[in-house]
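Chains as they are written, first to last, in the working numbering: chain R, 1 to 279; chain G, 280 to 463.
Note that beta-carbon positions come from the ideal geometry of N, C-alpha and C, so glycine has one too.
Working notes, structure below.
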Amino acid sequence: MREIAAQKITEAVRQMCIDANCFLPQDVKNRIEESYNMEPWPQAKEILERIIENYKIADEKASPICQDTGVACVFVTIGQEVHIQGDLAEAIHEGVRQGYADGYLRKSVVRDPLDRVNTGDNTPAMIYYDIVPGDKLEITVAPKGFGSENMSQIKMLKPSDGLQGVKDFILKVVEDAGPNPCPPIVVGVGVGGTFDKAAFMAKKALMRSADERHPEPFWADLEKEMLEKVNELGIGPQGFGGKTTALCVNIEKCPTHIAGLPIAVNINCHVTRHKTEVL
Amino acid sequence: MSISIKTPLTREQARQLKSGDSVLLTGVIYTARDAAHKRLCELVAQGKELPLDAKDSIIYFVGPTPAKPGQAIGSAGPTTSYRMDAYSPTMIAQGQTGMIGKGKRSPEVIAAMKEHGAVYFGAIGGCGALLSKCIKKAEVIAYDDLGAEAIRRLEVEDFPVIVIIDSEGNNLYETGRAAYLATK
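Following this line, the structure appears as structure tokens:
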């Protein structure tokens, strides 16, 4: 049994909240710069240039890339042989509390969806646990902005809708979103499982590196095809027209019921933030 | 070429702006998001005085990050505007001439813009670090309890925006995309 003190987790989460919000991951930067080079439409190119300028300023000054520093989504993968000394969930919330205060990040969480009183410290975090063999503790902090989250959709397709149904739904969600989620976007898709599992996979898909395709060739090809199709819509950066509507389409899939074909599409903006640490 | 405008923005000036125009704003603008708009419209319904002068005003839909020591304001890019669609027609009727945000607007908002003479500007979403450089001063003037959502009076200098929807209802989201797709 490996012992990990809750305090260590708080410190790691605190730092990841700050770093994720100020420093865009290199793979996302690379995709934006590639898109800038490939973009034929002058106004679209100009906007991509501003987006690049923005993350460079954020890098230099350690400033939040976007004012929506999100709700902190925290993915915890716990090795079975790890023992946490203290309260794991509280350690994570405390890390978020400290990170959002010390990093001058915006507090965007309300305590109740209807009374809408701000909790003032950006807690609670949205925490997801996974238990695996081993003695490591992996934590990913992904601040999720709601301009893009609000444009996400889920649908219980019929098995007869098949591949075409999946393709049509992805395109419908991007079309419905239009300029609202700050394109260029990252499209996270979950196919299969149950109602909730599809949505979870769609969110997890957003964590994947922009350089990494699905390990199965059929799904990797579908990701590439859907990226092309999305970029043929012409929505463009900020919705003013252009080629660069999306930076990548990431699909996760899993087994499902004989009667169902659940699909969820979770949209992220060009500020696709996540930071991982292994303790 | 950008058009430089000093606030306040009169109805006559607003009517001259055309969809697609690049504009640099200098002067005073106000911030308000969902919660502040709700309170402003409640005051209007009750016939009470507003905490800001709506006449010829520009409202920026933004909830900034806290300022670090020495900064006027933290990161401050636009939030998605459709959430203010329920409130904007009331504010336009009160004299507001400009809105700064991002994303689509409802037919009701566009109708109010045409009727009274108002424009919908877009700032680049997700560029809060860059845009905050043009904000020289920020002061909370109402609803401090709302935190990031409080109403702030901002002094801006050459704040870059683009006219998305003009007072005749021309919409860059439609024309820009169609123009690009016509080249395909």
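- Short of 6 Å from the beta carbon of alanine 372(G), and not among the five residues preceding or following it, lies no beta carbon of its own chain.
- Residues of the segment 97-111 of chain R with a Cβ closer than 8 Å to any Cβ of chain G, in chain order: Tyr104, Leu105, Arg106, Lys107 and Ser108.
- Put simply, the segment 99-111 of chain R does not touch the segment 163-179 of chain R. Fewer than three CB pairs are less than 8 Å apart.
- At least one CB atom of chain R sits nearer than 9 Å to the CB of glutamate 428(G).
- Counting every other CB atom within 10 Å of its CB across the protein chains shown gives valine 419(G) a total below 16, marking it as exposed.
- Residue contact with chain R for proline 345(G): present (Cβ-Cβ distance below 9 Å to some residue of chain R).
- DSSP assignment within the segment 130-204 of chain R yields the following whole beta strand (DSSP E) runs of 3 residues or more, N-terminal first: 137-144, 153-157 and 185-193.
- Across the segment 378-410 of chain G, CB contacts with chain R closer than 9 Å involve Lys381, Gly382, Lys383, Gly401, Ile403, Gly404, Gly405, Cys406, Gly407, Ala408, Leu409 and Leu410, in sequence order along the chain.
- The C-beta distance from serine 209(R) to aspartate 27(R) rounds to 5 Å, short enough to meet the 8 Å contact threshold.
- Annotated as distal: glycine 241(R) and alanine 293(G), with beta-carbon spacing of 9 Å or more.
- Comparing alpha-carbon positions, the option among Asn21(R), Gln43(R) and Phe200(R) lying closest to tyrosine 129(R) turns out to be Phe200(R).
- For valine 435(G), no alpha helix (DSSP H) segment is defined; the enclosing uninterrupted segment is the beta strand (DSSP E) at 430-444.
- For alanine 417(G), the CB contacts under 6 Å within the same chain, skipping 5 residues up- and downstream, are Ala351, Ile352, Arg431 and Leu433 in chain order.
- Residues of the same chain with a CB within less than 7 Å of the CB of aspartate 423(G), apart from the 5 flanking positions on each side, are Ala429 in chain order.
- At least one C-beta of chain G is nearer than 9 Å to the C-beta of glutamate 53(R).
- Non-local C-beta neighbours of glutamine 375(G) in its own chain, meaning closer than 7 Å and more than five positions away in sequence, comprise Ala333, Ser336, Ile338 and Ala397, ordered along the chain.
- Taking a contact as a CB-CB distance under 8 Å, the pair tyrosine 361(G) and serine 385(G) counts as one, their CB atoms being some 7 Å apart.
- The segment 74-82 of chain R makes no contact with the segment 47-54 of chain R: fewer than 3 CB pairs, one atom from each, lie closer than 8 Å.
- Going by DSSP, phenylalanine 75(R) is part of the beta strand (DSSP E) stretching over 71-79.
- Scanning chain G for C-beta atoms nearer than 8 Å to the C-beta of tryptophan 41(R) yields Tyr459 and Thr462, reported in chain order.
- Per the Cβ contact rule, the segment 27-39 of chain R is not in contact with the segment 112-125 of chain R (fewer than 3 Cβ pairs under 8 Å).
- For isoleucine 267(R), the three-state secondary structure derived from DSSP is strand.
- A Cβ of chain R is located within less than 9 Å of the beta carbon of serine 354(G).
- Measuring C-alpha to C-alpha distances from arginine 318(G) to each of Met363(G), Tyr452(G) and Gly407(G) identifies Met363(G) as the nearest.
- Around the beta carbon of threonine 140(R), 16 or more other beta carbons lie within 10 angstroms, which makes this residue buried.
- Taking every protein chain shown into account, the CB of threonine 289(G) has fewer than 16 other CB atoms within 10 angstroms, so this residue is exposed.
- In this model, isoleucine 308(G) and valine 435(G) are separated by some 7 Å (Cα to Cα).
- Contact annotation for glycine 242(R) against chain G: Gly455, Arg456 and Tyr459 [CB-CB distance below 9 Å, chain order].
- Short of 8 Å from the beta carbon of proline 262(R), and not among the five residues preceding or following it, lie these beta carbons of its own chain, in chain order: Ile154, Lys155, Met156, Leu157, Gly190, Val191, Gly192, Gly193, Thr194, Phe195, Lys197, Ala198 and Thr256.
- Under the three-state reduction of DSSP output, asparagine 449(G) falls in the coil class, being neither helix nor strand.
- Take the alpha-carbon of proline 184(R) and the one of glutamate 216(R): they are about 26 Å apart.
- Any Cβ of chain G closer than 9 Å to the Cβ of cysteine 254(R) would place that residue at the interface, and such an atom is absent.
- Contacts between valine 271(R) and chain G, judged by CB atoms closer than 7 Å, involve Gly405 in chain order.
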